[in-house]
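With the working numbering applied, the sequence shown covers 7 to 143. Beta carbons: idealized from backbone N, C-alpha and C, even for Gly.
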Amino acid sequence: MNKVDHIGIAVQSIEAILPFYTEQLGLKCMAIEEVAAQQVRVAFIDAHNVKIELLEPLRNAGPIAAFLEKRGEGIHHIAFGVRSIQERINDLKEKGIRMIDESPRRGAGGALVAFMHPKSAHGVLYELCEKEEQGEK
Numbered sequence: 007m008n009k010v011d012h013i014g015i016a017v018q019s020i021e022a023i024l025p026f027y028t029e030q031l032g033l034k035c036m037a038i039e040e041v042a043a044q045q046v047r048v049a050f051i052d053a054h055n056v057k058i059e060l061l062e063p064l065r066n067a068g069p070i071a072a073f074l075e076k077r078g079e080g081i082h083h084i085a086f087g088v089r090s091i092q093e094r095i096n097d098l099k100e101k102g103i104r105m106i107d108e109s110p111r112r113g114a115g116g117a118l119v120a121f122m123h124p125k126s127a128h129g130v131l132y133e134l135c136e137k138e139e140q141g142e143k
């Protein structure tokens with residue numbers, strides 16, 4: 007793993023929570039986008055040494071909606087920046103880590119992503135994140 011790329015936080019409403027980050031904490035919202043395939047709307051917050059990814063469900067279905075219903079708002083996942091994501095997936099599987107994603111899929115910001123199953127990571131949902139624009143291939 008190269009670094010912590012971002013921390014994903016599940017929220018009911020990006021609009022309702024965004025002023026906390028931008029006005030009260032003085033951080034910058036970099037972008038907001040929808041990832042229809044994951045049924046989520048995402049806001050990226052620049053927290054200087056790490057990004058915060060606010061995750062809002064597009065409807066009352068999908069993984070973020072289920073997370074909010076079960077646990078409420080809060081930390082959803084921690085993402086590690088990686089190079090050669092498929093190699094990292096294969097390496098983790100060889101080491102006994104159960105993966106939610108056996109191969110990478112397209113995530114927010116155009117990144118390739120894959121998630122480790124929390125049961126293999128002591129209850130924490132970890133994401134592998136490869137971003138081509140940063141030269142991390």
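Whose C-beta lies closer than 6 Å to the C-beta of residue i among residues of the same chain, with five residues either side of it excluded?
i: ALA71; result: PRO63
i: ALA53; result: LEU33
What is the DSSP secondary structure of residue i, reduced to helix, strand or coil?
i: LYS101; result: coil
i: GLU142; result: Note that GLU142 has pLDDT 38, beneath the 50 cutoff, so the model's placement of it is unreliable and the number below is only indicative. Residue state, collapsed to three classes: coil.
i: LEU134; result: strand
i: ILE145; result: Summary: the structure shown does not reach residue 145, with the chain confined to residues 7 through 143, and so no result is reported for it.
i: GLU79; result: coil
i: LEU64; result: coil
i: ARG112; result: strand
i: ALA49; result: strand
i: ALA127; result: coil
Within a Cβ cutoff of 8 Å, which residues of the same chain sit near residue i, ignoring the five residues on either side of it in sequence?
i: ALA42; result: LEU64
i: PHE73; result: ALA16 and HIS82
i: GLU142; result: Because the pLDDT of GLU142 is 38, which lies under 50, any placement of that residue in the model is unreliable, and the number read from its coordinates should be weighed accordingly. Cβ within range, chain order: ASN8, GLY87, VAL88, ARG89 and GLU136.
i: ALA127; result: ILE103
Nearest by alpha-carbon distance to residue i: which of the options is it?
i: TYR27; options: ALA49, GLU40, VAL10 and GLN45; result: ALA49
i: GLN44; options: LYS125, GLU138, GLY116 and PRO124; result: GLY116
i: PRO25; options: ILE51, MET7, GLY113 and VAL10; result: ILE51
i: ALA67; options: ARG47, LEU31, GLY129 and LYS99; result: ARG47
i: ALA114; options: SER19, ARG77 and GLU40; result: GLU40
Cutting at 7 Å between CB atoms, please list the residues of its own chain near residue i, excluding the five before and the five after it.
i: ILE5; result: Residue 5 is absent from the structure shown; the chain starts at 7 and stops at 143.
i: VAL56; result: VAL10, HIS12 and ILE13
i: ARG77; result: none
Using 8 Å for Cβ pairs, my map puts residue i next to residue j. What's the rounded Cβ distance?
i: GLU79; j: GLN30; result: Not confirmed; about 16 Å, so no contact.
Tell me, please, whether the region 68-88 touches the region 120-134 by the rule of three or more beta-carbon pairs shorter than 8 Å.
yes
Say whether the region 45-61 touches the region 12-19, bearing in mind that this needs 3 or more beta-carbon pairs closer than 8 Å, one atom from each stretch.
yes
Is the region 29-43 touching the region 94-106 in the sense that three or more CB pairs, one from each, lie closer than 8 Å?
no
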